[in-house]
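Here the sequence shown stands for residues 38 to 212, where the numbers follow the working numbering. The beta-carbon is built from N, C-alpha and C at its ideal position, and this holds for glycine as well.
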Amino acid sequence: MRSLDFAELRIPLTSIRTGQSEFNFETKNPELEPGVGRRFPDVIRIAAKVTTVGNDFLLDLQVNSLGEFNCDRCGTLFHQKIQGKIHTLFTFQADEADVEDDDVRLLERGTVEIDLQRDVIDALVLAVPAKTICQKSCKGLCPQCGVNLNEVTCQCKTEENDPRWDALRQLKPDN
């Protein structure tokens, strides 16, 4: 399978058979918003299943890639496998007022292909965890000196009993 330029991720309507059609693509480096803090430097593998439903097309899209992230605890750059899925209905017959959902897209008369770029980006971005952590046991950064606690044990003294909590410690719950 040859790798396509991201802008070439399209399925011609003439290649969609009645029933279900499957398409596989590979591409690299989608254009994401600047400053998003995530990249996909590896090949992005895309599996698309298009099911015809009358004159409509139901797209089941799955993407697999390797994401590059900064750990939210320690700031270390790390790589993680990403797998995302998205479902979209492409239709010629809906009123524009009915197409408020991102999962339904109105195709204009004369459309000859389905553009997958938006769906691939959505699947990738939605597959990224809300909190990206380099490893489950990540210790993060020392709040006092800022060293990466995964690499160095700092000599900062942590105050066991913060006097600001003394009043709460004296409260006793009612049994």
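query: By DSSP, does D93 sit in helix, in strand, or in coil?
result: In the three-state DSSP reduction, D93 falls in the strand class (E or B).
task: Would you kindly work out how many angstroms separate the C-alpha atoms of K173 and Q120, rounded to a whole number?
output: Their backbone Cα atoms lie some 19 Å apart in a straight line.
message: Let's test the definition: count the other Cβ atoms within 10 Å of the Cβ of C171 and tell me whether it reaches 16, buried, or not, exposed.
response: It is buried - the Cβ of C171 has at least 16 other Cβ atoms within 10 Å.
field: According to DSSP, residues forming a beta bridge with F121
entry: A small fix is needed here, since residue 121 is Gly in this sequence, not Phe. G121 is bridged to V100.
task: Drop a sphere of 10 angstroms on the beta-carbon of A160, count the other beta-carbons inside from all chains shown, and report buried for 16 or more, exposed for fewer.
output: Its Cβ being crowded by 16 or more others within 10 Å, A160 is buried.
field: L208 (DSSP reduced to helix, strand or coil)
entry: In this structure, DSSP gives L208 a state outside helix and strand, which the three-state scheme calls coil.
task: Would you check if there are 3 or more beta carbon pairs closer than 8 Å linking the segment 189-206 to the segment 144-151?
output: Of all C-beta pairs linking the segment 189-206 to the segment 144-151, fewer than three are shorter than 8 Å, placing the two stretches out of contact.
query: For L163, does the three-state DSSP call read helix, strand or coil?
result: Correct three-state label for L163: helix.
query: Between the C-alpha atoms of N66 and L208, what's the straight-line distance to the nearest angstrom?
result: For N66 and L208, the distance between alpha carbons rounds to 56 Å.
message: According to DSSP, simplified to helix, strand and coil, what is I48?
response: Residue state, collapsed to three classes: strand.
query: Taking buried to mean at least 16 other C-beta atoms within 10 Å of its own C-beta, is V90 buried or exposed?
result: Under this definition V90 is an exposed residue.
Reduced DSSP secondary structure (H/G/I, E/B, other) of R155: Of the three classes helix, strand and coil, the one that applies to R155 here is helix, per DSSP.
message: Distance check for D156 and L143, CA to CA, integer angstroms please.
response: If you draw a straight line from the Cα of L143 to the Cα of D156, it is about 14 Å long.
query: In three-state terms, what does DSSP make of F60?
result: In this structure, F60 counts as strand in the three-state DSSP scheme.
- prompt: Which residue from V100, G112, Q181, A44 puts its Cα closest to that of T77?
  reply: According to the sequence displayed, residue 77 carries Phe and not Thr. Ranking V100, G112, Q181, A44 by Cα distance to F77 puts V100 first.
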